[in-house]
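No gaps in the numbering here: position 77 of the sequence shown is 77 in the numbering used here, and each next residue is one more. Okay, structure first, notes after.
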Amino acid sequence: RSQGIPAKRVSEYADSVEKFDKFTYVFSARFNGNKQWEKVLGVYEDIFRMGRDVQIKAVSTSSSPLPLDIDKRFSKVEFIPTQSYADYIDLISRSHVAVSMSVDEGFSFGWSEHICTGNPVLLPNKSWALGLVEDKDYPFLYNSEVELIAMLKWIFCK
Numbered sequence: 001r002s003q004g005i006p007a008k009r010v011s012e013y014a015d016s017v018e019k020f021d022k023f024t025y026v027f028s029a030r031f032n033g034n035k036q037w038e039k040v041l042g043v044y045e046d047i048f049r050m051g052r053d054v055q056i057k058a059v060s061t062s063s064s065p066l067p068l069d070i071d072k073r074f075s076k077v078e079f080i081p082t083q084s085y086a087d088y089i090d091l092i093s094r095s096h097v098a099v100s101m102s103v104d105e106g107f108s109f110g111w112s113e114h115i116c117t118g119n120p121v122l123l124p125n126k127s128w129a130l131g132l133v134e135d136k137d138y139p140f141l142y143n144s145e146v147e148l149i150a151m152l153k154w155i156f157c158k
C-alpha cells in the first residue's frame, strides 16, 4: 500500500490537520483473516455500545471488495471505499486511535504510517510489532483483549 511517502512528510501532514470532531477509531488494512478485522471491529462496536460518543471508520487498503454483508454485521462502522493515498493519509491523520490485532505482519507499511501520525496505535505484544516500534516499552502494546479494551477506554477518557 505504501507509496514511499517519507515518515517526516506523513508526520508533518498529520500535525497540520484538525482531528475529526467526534472521537474516531479507525481500522485500515486488508480485510483478511490474518488482520483479524472482525475482532477489531467487534471491539470498536463494544466500546460504542458502552455509551461512548464515538465514530468508527474502516477502509480497505487493497482493491479487494469488502466481505459480503459486512455493513449488516457491523452496523456502527462507516465503511469507506478504497481511497487515494492522500485521502488515506488524511483519514488516519484525522482519526484519534488505531488498533491492530494482526497475527503476523510482513513490512508493516500501514502501521508505520499510523505511527507517523502521532496517534496511539495499539499493537499486540508480538515480535512483528516489537520490531516495528523498536521499543519494548512502547506504551500501546497489549497482551490480551481485556488489556486492549482497557487501553481504548483510557485513551478515550484522556
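Every residue, glycine too, gets a C-beta built ideally from N, C-alpha and C.
Could you tell me the boundaries of the alpha helix (DSSP H) in which residue i lies?
i: residue 72; result: 70-73
i: residue 15; result: 7-16
i: residue 113; result: 109-116
For the putative contact between residue i and residue j, defined by C-beta atoms under 8 Å, what is the C-beta separation to the nearest angstrom?
i: residue 43; j: residue 116; result: Their Cβ separation, rounded to whole angstroms, is 23 Å, which puts residue 43 and residue 116 out of contact at 8 Å.
i: residue 17; j: residue 99; result: Actually they do not touch by this definition, with Cβ atoms about 21 Å apart.
i: residue 103; j: residue 114; result: Actually they are not in contact, since the Cβ atoms of residue 103 and residue 114 sit about 18 Å apart, beyond 8 Å.
i: residue 80; j: residue 54; result: 16 Å between Cβ atoms; not a contact.
i: residue 160; j: residue 76; result: The question about residue 160 has no answer here: the residues shown for the chain are numbered 1 through 158.
How many Å lie between residue i and residue j at the Cα?
i: residue 19; j: residue 141; result: 23 Å
i: residue 6; j: residue 151; result: 29 Å
i: residue 123; j: residue 22; result: 23 Å
i: residue 47; j: residue 35; result: 19 Å
i: residue 157; j: residue 49; result: 16 Å
i: residue 69; j: residue 132; result: 33 Å
i: residue 139; j: residue 30; result: 25 Å
i: residue 118; j: residue 67; result: 30 Å
i: residue 137; j: residue 64; result: 36 Å
i: residue 105; j: residue 52; result: 30 Å
i: residue 61; j: residue 28; result: 6 Å
i: residue 12; j: residue 109; result: 17 Å
Going by DSSP, which residues form a beta bridge with residue i?
i: residue 24; result: 55
i: residue 142; result: 124
Where does the unbroken beta strand (DSSP E) through residue i begin, and where does it stop?
i: residue 121; result: 121-124
Length at least 4, wholly inside the stretch 28-103: the alpha helix (DSSP H) runs in chain order: Correct list: 37-49, 70-73, 85-94.
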